[in-house]
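In this note's numbering, the protein residues as written are 124 to 520.
Here is the structure we will look at, set down as structure tokens.
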């Protein structure tokens with residue numbers, strides 16, 4: 124299965140691009156599903172057809188669906204939902220309020236990953252196009268396998284064992300005081316089972332022959348900066364971006380004086396998009412005179428993006444986001460972090476893990492055995508790669 128994730132700052136038109144790409148894939152004979160994982164769904168508006176949680180046929184070879192976190196929670200994590208609801212009701216919340224609040228922050232992202240994994244395992248579709256949440260939420264989604272694994276290995280697994288062992292002893296004293304029971308084994312097992320599924324999906328997300336991210340941006344200063352940050356963070360999580368789509372460019376045929384300043388600025392920002400994202404290919408799509416709602420409007424966007432001959436499932440650019448080079452007994456770990464300066468990066472090594480932090484995003488790299496015994500000795504930025512040198516630790520005494 125080919126997986127294409129469309130993401131970008133809110134309002135840039137990524138849903139329209141995802142829907143138009145789905146149309147082209149279906150036209151080429153690929154059995155295609157466009158899945159919206161954005162809590163603020165707009166895929167139904169784009170197709171101008173009602174969308175539900177399960178795939179609904181749009182036309183030949185094309186299906187669409189909008190993720191419903193409540194249905195996904197009940198179907199895959201029912202025991203946890205019931206336990207959280209019980210706890211909230213014991214604290215005085217009404218039944219409906221408790222059920223709504225049982226979807227804890229971040230669960231939408233987790234269920235988006237689980238839904239992707241299920242479709243990938245079932246293999247019913249040739250192409251899965253994810254109309255993801257805006258970049259910040261999408262990046263949290265993509266970081267879950269990396270960050271979640273760190274917490275599961277160090278905190279959750281030991282806590283799980285302690286909870287199961289102590290529950291028979293503590294439960295008689297706990298429930299009369301709190302009004303609710305301690306979590307049983309079914310509740311405690313569910314998060315770890317979820318993590319195991321997501322860990323398997325990470326191998327798909329980081330395989331740039333199977334999964335690609337397409338960044339949708341607009342020729343505007345703030346949007347471009349957000350897109351550049353997103354590209355760097357995607358590289359940090361070893362998820363490949365293969366194409367940038369500059370959307371809503373005012374056509375040359377628009378001569379109204381009101382748009383003149385906009386057009387002049389867009390000329391500069393279009394150049395910046397091509398320069399800043401090089402060597403990634405950039406496609407341009409105009410600002411249409413109508414909303415991108417309905418198959419007829421999406422057909423025009425599809426033709427603009429892909430013409431008559433292009434296959435959107437191709438890998439437009441292959442970038443090796445993590446490289447390890449050896450020279451004698453020394454090693455260099457190279458991370459592709461375009462647009463990031465060295466002063467924005469923090470490094471820390473603990474045991475066999477290297478922690479890389481840019482702002483509030485973090486990645487724990489489990490180092491190969493050859494590097495795990497070494498210590499970082501320096502770092503520098505060269506041609507958008509952070510190059511970290513490793514050497515033998517200094518001998519004491």
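All residues carry an ideal CB built from backbone N, CA and C; glycine is no exception.
This one's a predicted model, so the numbers in the text were calculated from it and none came from an experiment.
CA-CA distance, residue i and residue j?
i           : j           : result
residue 594 : residue 476 : The requested residue 594 does not occur in the structure, where the chain is confined to residues 124 to 520.
residue 414 : residue 139 : 10 angstroms
residue 382 : residue 239 : 42 angstroms
residue 333 : residue 148 : 15 angstroms
residue 241 : residue 379 : 50 angstroms
residue 377 : residue 390 : 14 angstroms
residue 434 : residue 131 : 22 angstroms
residue 507 : residue 329 : 19 angstroms
residue 479 : residue 350 : 20 angstroms
residue 156 : residue 177 : 11 angstroms
residue 216 : residue 154 : 45 angstroms
residue 491 : residue 169 : 46 angstroms
residue 166 : residue 137 : 10 angstroms
residue 442 : residue 146 : 27 angstroms
residue 416 : residue 162 : 19 angstroms
residue 521 : residue 360 : Because the chain spans 124 through 520 in this model, residue 521 falls outside it and cannot be assessed.
residue 198 : residue 385 : 49 angstroms
residue 364 : residue 423 : 25 angstroms
residue 449 : residue 164 : 47 angstroms
residue 465 : residue 331 : 26 angstroms
Just tell me which of the options has its CA closest to the CA of residue i.
i           : options            : result
residue 483 : 246, 352, 340, 186 : 352
residue 256 : 454, 243, 437, 338 : 338
residue 151 : 471, 437, 445      : 437
residue 175 : 511, 363, 191      : 191
residue 513 : 135, 403, 447, 462 : 447
residue 420 : 478, 171, 163, 158 : 171
residue 396 : 462, 435, 434, 321 : 462
residue 388 : 347, 327, 418, 412 : 347
residue 431 : 458, 322, 330, 144 : 144
residue 457 : 505, 331, 323      : 505
residue 418 : 186, 402, 164      : 186
residue 184 : 250, 423, 450, 442 : 250
residue 344 : 422, 399, 193, 153 : 399
residue 401 : 375, 386, 354      : 354
residue 371 : 385, 384, 411      : 411
residue 474 : 331, 416, 516, 422 : 516
residue 468 : 356, 429, 454      : 356
So the beta strand (DSSP E) residue i belongs to, where does it begin and stop?
i           : result
residue 179 : 179-182
residue 388 : Here residue 388 belongs to no beta strand (DSSP E); instead the alpha helix (DSSP H) covers 383-400.
residue 510 : 508-514
residue 420 : Premise fails: residue 420 lies in the alpha helix (DSSP H), 418-429, not in any beta strand (DSSP E).
residue 365 : 364-372
residue 159 : 155-159
residue 500 : 498-505
residue 468 : 468-473
residue 187 : 185-189
residue 476 : 476-481
residue 454 : 453-459
residue 405 : 405-409
residue 448 : 445-450
residue 126 : 125-130
residue 175 : Segment: none, residue 175 is in no beta strand (DSSP E) and carries neither H nor E.
From which residue to which residue does the alpha helix (DSSP H) around residue i run?
i           : result
residue 145 : 137-150
residue 345 : 344-359
residue 341 : It is not in any alpha helix (DSSP H) - residue 341 carries neither H nor E in the DSSP assignment.
residue 168 : 166-170
I'd like to know whether the C-beta atoms of residue i and residue j end up nearer to each other than 8 angstroms.
i           : j           : result
residue 393 : residue 342 : yes
residue 318 : residue 124 : no
residue 237 : residue 195 : yes
residue 366 : residue 440 : yes
residue 427 : residue 404 : no
residue 336 : residue 488 : no
residue 188 : residue 182 : no
residue 494 : residue 358 : no
residue 511 : residue 499 : yes
residue 158 : residue 233 : no
residue 362 : residue 243 : no
residue 406 : residue 373 : no
residue 340 : residue 135 : yes
residue 502 : residue 470 : yes
residue 160 : residue 235 : yes
Under 7 angstroms from any heavy atom of the ligand FMN, does the C-beta of residue i make it?
i           : result
residue 190 : For the ligand FMN, the structure offers nothing, since it holds no ligand at all.
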